[in-house]
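Down below is the structure, laid out as structure tokens.
Protein chains: 2
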Amino acid sequence: MTALMSGLHEVLPANRVFTDPDAVAGYAHDEAAGAPYTLPAAVVRPTSTAEVAAVVAHCAAEGIPVVARGAGTGLSGGANAVAGSVVVSFEAMDRIVAIDRAERLARVQPGVVNDDLRAACAEHGLWYPPDPASSPWSTIGGNVSTNAGGPCCVKYGVTRDYVLGMEVVTGRGEVVRLGRRTAKGVAGYDLAGLMVGAEGTLGLITEVTVRLRGARAAERTVVGCFDDLPSAGRAVAEVVASGAQPSALELIDRFCLRAVDDWKRMGLSADGNVLLLARCDAPGVAGDDEAETVRAAFDAAGATWSERSTDQAEADALFAARRLVYPALARLGAVLTEDICVPRTAVTDVLARIEQIAGEHDVRIACIAHAGDGNLHPMVVVPPGDDEAGARGRAAFERVVDLAVDAGGTVTGEHGVGLLKMRGLARELSPAVLAMHRAIKNALDPAGILNPGKVFPAAG
Amino acid sequence: MTALMSGLHEVLPANRVFTDPDAVAGYAHDEAAGAPYTLPAAVVRPTSTAEVAAVVAHCAAEGIPVVARGAGTGLSGGANAVAGSVVVSFEAMDRIVAIDRAERLARVQPGVVNDDLRAACAEHGLWYPPDPASSPWSTIGGNVSTNAGGPCCVKYGVTRDYVLGMEVVTGRGEVVRLGRRTAKGVAGYDLAGLMVGAEGTLGLITEVTVRLRGARAAERTVVGCFDDLPSAGRAVAEVVASGAQPSALELIDRFCLRAVDDWKRMGLSADGNVLLLARCDAPGVAGDDEAETVRAAFDAAGATWSERSTDQAEADALFAARRLVYPALARLGAVLTEDICVPRTAVTDVLARIEQIAGEHDVRIACIAHAGDGNLHPMVVVPPGDDEAGARGRAAFERVVDLAVDAGGTVTGEHGVGLLKMRGLARELSPAVLAMHRAIKNALDPAGILNPGKVFPAAG
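These protein sequence lines map, in sequence, to chains X and F. Using the working numbering, read the first sequence as starting at 1 and increasing by one per residue. Using the working numbering, read the second sequence as starting at 461 and increasing by one per residue.
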């Protein structure tokens, strides 16, 4: 510990290094319920790439674990501190370095909040699409490290699709520039892409260059109410089959609707058990046609009620309600949040199986979904203080993970593996693929100091 | 050689192994002018993943180089045989395994020709966008290995954006499945993405799962003629600034126009020195508006003539003419094809600098470009049999490579590094990034047998 402290104080100003237990406690874990963590040995708040490199070089030399941290909004434990670790918080590296309208790109430090980047881009008539529910708080560095998604990804893709290049501090403490700033490029291995979703295990991202789009056309909102999950699932399949390309296609089940109603009195659950929210942003008449196509698909699948919302305030309120689901459920207990992604055609079956699993384990599993992508967020809600229910909830959580793999899907669509999905990942990937992960990890982080013990087990 | 042959005959039927010099000569190189190659020791034509794995395992054990080959249409020497190598030709693995309309994906063997996949998708009302000029001949395996682009990539992205997952034979001869079949996923490192553009140096791709789009709306074609490259470059900038998102934005310079005219008598060079071809596929009225926006941008930049083509046959002929440029130039001599990609705002300056370089080296450099992406294909045309001109051409080629790096661009936008861009790559990437390449190569191909000596130098 003395070597750690004296080393850190050599490379950083004293006011950038924290070791007091009260000061470091707020940096010990992210928002994943039930993921293990310890207090870190120290928290550092670097202000420059050079400071990050100096910290990592020191830690590599001393064999000290390094855990990168954005806003701590992660849901898998990826940012949780491990024993004896230094947490590198990027909150002081929050500068938008440049927004280039002619090139349609932005250079940002990792600590920039997603919504802040989006707002800054909007001032230039530009748009950064990835829109995780955490966008008011989560940072670009964290978004890149988990390959964050969001509702608009059904049409516009995930964070990976917007990352052109980055500056990274490697496990050796070297500063490298990966990727490019041009629209296309295939000069060597896609190392920038390799860092996306690597959850801080291969390098610390100190700057990101993202691709931007022009401001998009206005969105129309289409709402559909359904009696049950199968009919909502059919509606999603009908939309896909219709050829329409909605810019959002979200599902909210009855548990979620009621939880929001109980809290906010929005009357969401008055008209049905399952709500589908779609948006269409094709320009002009084409967008109107598309919205009508989506509504017809809802009706064909047996919607009890459907409407193209003509009231923008009402439409915005519905999407705001979707963002309220998580806090509304958190009022009821600990929430174990799933993030499975399954083939679109399997969504209905998987939702039915999740209801079965909930019954078999006597737990409540509420569900929201980026339904158009097959990305489901079943949330196991465990009453506070009930240890037995907690154990049943964890068992149900793992059954849902297995269900995703068995359905030809993946254990994580957009939240990352962190700690909570490690068992599932080892089931999803073959031993040979896990060995490739270890070989690459060892190649880029030979000291094994970067976020150790996360994502995949270090030994086979 | 005896160990090689007896080993190959143990794992493959005799009619799948060729060693006769006449038989293997057609597999010794791709279409890159001036890239070195030797006759391979053997060519194998496996029919299954198991056969590929057996070949690689044998070669790994014996230390025999393995060079993967699609249709051999590459322009960088990536598929060129090296001394003592076994070339694995995927021409017999050309099956479209499945096209799934509901999931909007296809599973294909690597030897499927790009246009064949596109035609098969069209029968299902689906679309595989990447459209390299080689699409009538080039294969998906090669497209993935070079991250191929094409005209429509300015709106729809490159091959990487469509690769969901793949089956790969690693350098150890193991068969692994990488990536996923779901719309989203972040379960572990993006190893499928790492294989895209790796030019066969990290594994042999034996099956690819690609994302598809729904059939797109009809395209409008807008043509603009310009007196000189600077005004055409300004037109491209005007289009980008307008917010229009054309589905193609191609530039053809006077050398190319004249070469096609001299061959095909199309009259392309009658109206101007530089042609811009744009397409707009936004649906309905929005597409009409977009086409008009593009035309206005052309005019604002000083087009001598512009037109929205109302004659589909004429429009198709113009894009066909663009594809005739390469064979038209090849009639005039050896063509050293560049593939640099520069920031969009640098296009005009870079085009002017290329003209200077041509003058300084007394060579002809013709130019086509995916102008909307900043992806330029300057082509140095060297008269046949003129060794001195050949040397001047190679010198000019390397100056253009350096120019791309100096302009903040990359040495290859969509053709790959192969052999021809190795010097440029080492200039573009820092020594630390090259070391990361070597570490990853060593991690996944410890015997160093997969396409050795390509992309980056094996030692620093």
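For every residue, glycine included, the Cβ atom is placed at its ideal position computed from N, Cα and C.
Along chain F, in chain order, which residues have C-beta atoms closer than 7 angstroms to that of residue i?
i, result
"Arg394 (chain X)", "Those do not exist, as Arg394 (chain X) stays about 20 angstroms from chain F at its closest Cβ, beyond 7 angstroms."
"Pro283 (chain X)", "Ala742 and Ala746"
"Met93 (chain X)", "By Cβ distance, chain F contributes nothing, its closest Cβ being about 21 angstroms from Met93 (chain X), past 7 angstroms."
Taking the alpha-carbon of residue i as reference, which of the options has the nearest alpha-carbon?
i, options, result
"Gly732 (chain F)", "F:Ser508, F:Ile909, F:Ala552 and F:Phe686", "F:Phe686"
"Asp339 (chain X)", "X:Ala81, X:Gly149, X:Ala42 and X:Leu8", "X:Gly149"
"Pro611 (chain F)", "F:Pro906, F:Asp833, F:Ala493 and F:Gly913", "F:Asp833"
"Glu888 (chain F)", "X:Ile440, X:Arg177 and X:Gly171", "X:Arg177"
"Val795 (chain F)", "F:Ala826, F:Val568 and F:Val683", "F:Ala826"
"Asn603 (chain F)", "F:Leu586, F:Gly530, F:Ala652 and F:Ala675", "F:Gly530"
"Ala57 (chain X)", "X:Ala23, X:Thr19, X:Pro40 and X:Gly7", "X:Gly7"
"Ala301 (chain X)", "X:Val86, X:His437, X:Val240 and X:Ala98", "X:Val240"
"Pro596 (chain F)", "F:Ala780, F:Val810, F:Arg676 and F:Arg714", "F:Ala780"
"Glu551 (chain F)", "F:Leu472, F:Ala867, F:Arg476 and F:Ala678", "F:Arg476"
"Pro327 (chain X)", "X:Thr345, X:Trp305, X:Met379 and X:Glu355", "X:Met379"
"Gly474 (chain X)", "X:Ala282, X:Thr139, X:Pro129 and X:Arg211", "Since the first residue of chain X shown is 1 and the last is 460, residue 474 (chain X) is not available in this structure."
"Gly72 (chain X)", "X:Ala259, X:Ala33 and X:Ile354", "X:Ala33"
"Asp131 (chain X)", "X:Thr159, X:Cys121 and X:His29", "X:Thr159"
"Gly413 (chain X)", "F:Ala463, F:Asp621 and F:Lys644", "F:Lys644"
"Ala432 (chain X)", "F:Asp822, F:Ala463, F:Glu634 and F:Gly538", "F:Glu634"
"Ile64 (chain X)", "X:Trp263, X:Asp253 and X:Leu4", "X:Leu4"
"Pro46 (chain X)", "X:Glu62, X:Gly393, X:Trp127 and X:His9", "X:His9"
Cβ atoms of residue j and residue i: under 8 angstroms apart, would you say?
i, j, result
"Leu789 (chain F)", "Val861 (chain F)", "no"
"Ile556 (chain F)", "Ala566 (chain F)", "yes"
"Glu627 (chain F)", "Thr770 (chain F)", "no"
"Gly631 (chain F)", "Ala907 (chain F)", "yes"
"Val509 (chain X)", "Val88 (chain X)", "Since the first residue of chain X shown is 1 and the last is 460, residue 509 (chain X) is not available in this structure."
"Glu426 (chain F)", "Val471 (chain F)", "Given that chain F is displayed from residue 461 to residue 920, the structure contains no residue 426 (chain F) and the question cannot be resolved."
"Arg898 (chain F)", "Ala918 (chain F)", "yes"
"Pro500 (chain F)", "Val484 (chain F)", "yes"
"Thr348 (chain X)", "Leu444 (chain X)", "no"
"Pro21 (chain X)", "Leu419 (chain X)", "no"
"Ala528 (chain F)", "Ser598 (chain F)", "no"
"Ser950 (chain F)", "Asp759 (chain F)", "Because chain F spans 461 through 920 in this model, residue 950 (chain F) falls outside it and cannot be assessed."
"Ala541 (chain F)", "Thr498 (chain F)", "yes"
"Leu885 (chain F)", "Val871 (chain F)", "yes"
"Thr661 (chain F)", "Leu836 (chain F)", "no"
"Ala215 (chain X)", "Pro283 (chain X)", "no"
Report, in whole angstroms, the separation of the C-beta atoms of residue i and residue j, which I expect to be a contact under 8 angstroms.
i, j, result
"Arg641 (chain F)", "Thr669 (chain F)", "5 angstroms"
"Met93 (chain X)", "Thr221 (chain X)", "In fact, because the Cβ distance is near 37 angstroms, the residues do not count as touching under 8 angstroms."
"Ser248 (chain X)", "Thr293 (chain X)", "Before going on, a small fix: residue 248 (chain X) reads as Ala here, not Ser. Wrong, their Cβ atoms sit about 15 angstroms apart, outside the cutoff."
"Leu535 (chain F)", "Glu491 (chain F)", "6 angstroms"
"Cys256 (chain X)", "Ile368 (chain X)", "6 angstroms"
"Leu318 (chain X)", "Val223 (chain X)", "6 angstroms"
"Phe397 (chain X)", "Met422 (chain X)", "Contact doesn't hold; Cβ gap of about 13 angstroms is too wide."
"Ala658 (chain F)", "Tyr189 (chain X)", "6 angstroms"
"Arg322 (chain X)", "Glu250 (chain X)", "6 angstroms"
"Leu275 (chain X)", "Arg353 (chain X)", "The Cβ separation is near 21 angstroms, so there is no contact."
"Val169 (chain X)", "Gly203 (chain X)", "6 angstroms"
Can you pull the chain F neighbours of residue i, defined as C-beta to C-beta under 8 angstroms?
i, result
"Thr348 (chain X)", "What Thr348 (chain X) touches in chain F: nothing, since even the nearest Cβ is about 12 angstroms away."
"Gly416 (chain X)", "Val646"
"Phe456 (chain X)", "Gly648"
"Cys367 (chain X)", "In chain order: nothing, as chain F lies at least about 17 angstroms away."
"Glu174 (chain X)", "Ala892"
Just to make sure I have the definition right: I need the residues of chain X whose C-beta is within less than 8 angstroms of the C-beta of residue i. Which are they?
i, result
"Leu535 (chain F)", "Per Cβ cutoff of 8 angstroms: no residues; Leu535 (chain F) is ~12 angstroms from chain X at best."
"Leu885 (chain F)", "Ala187 and Gly188"
"Pro803 (chain F)", "Glu103, Arg181 and Thr182"
What residues from chain F crowd round residue i, counting only those whose CB sits closer than 9 angstroms?
i, result
"Gln245 (chain X)", "Arg673 and Gly674"
Cβ closer than 7 angstroms: which chain X residues qualify as neighbours of residue i?
i, result
"Thr412 (chain F)", "A query on residue 412 (chain F) cannot be resolved here, the shown segment of chain F reaching from 461 to 920 and no further."
"Glu888 (chain F)", "Ala187"
Starting from residue i, find everything on chain X with Cβ-Cβ shorter than 9 angstroms and list it in chain order.
i, result
"Ala899 (chain F)", "Ile440, Asn442, Ala443, Leu444 and Pro446"
"Cys519 (chain F)", "The premise fails here: Cys519 (chain F) is roughly 18 angstroms from chain X at the closest Cβ pair, so nothing lies under 9 angstroms."
Handout entry: Ordered list of beta strand (DSSP E) runs contained in the stretch 126-200 of chain X, each at least 3 residues
Key = 163-170 and 175-179
Handout entry: beta strand (DSSP E) segments (min. 3 residues) lying fully within the stretch 200-272 of chain X
Key = 203-211, 220-226 and 248-252
Handout entry: 3-residue-minimum beta strand (DSSP E) runs that sit fully inside the stretch 504-541 of chain F, ordered along the chain
Key = Listed in chain order, they are 526-529.
Practice task
Write down every uninterrupted run of the alpha helix (DSSP H) in the stretch 832-919 of chain F whose length is 4 residues or greater and which is fully enclosed by it, in chain order.
Solution key: 847-866, 882-888 and 891-904, all fully within the stretch 832-919 of chain F.
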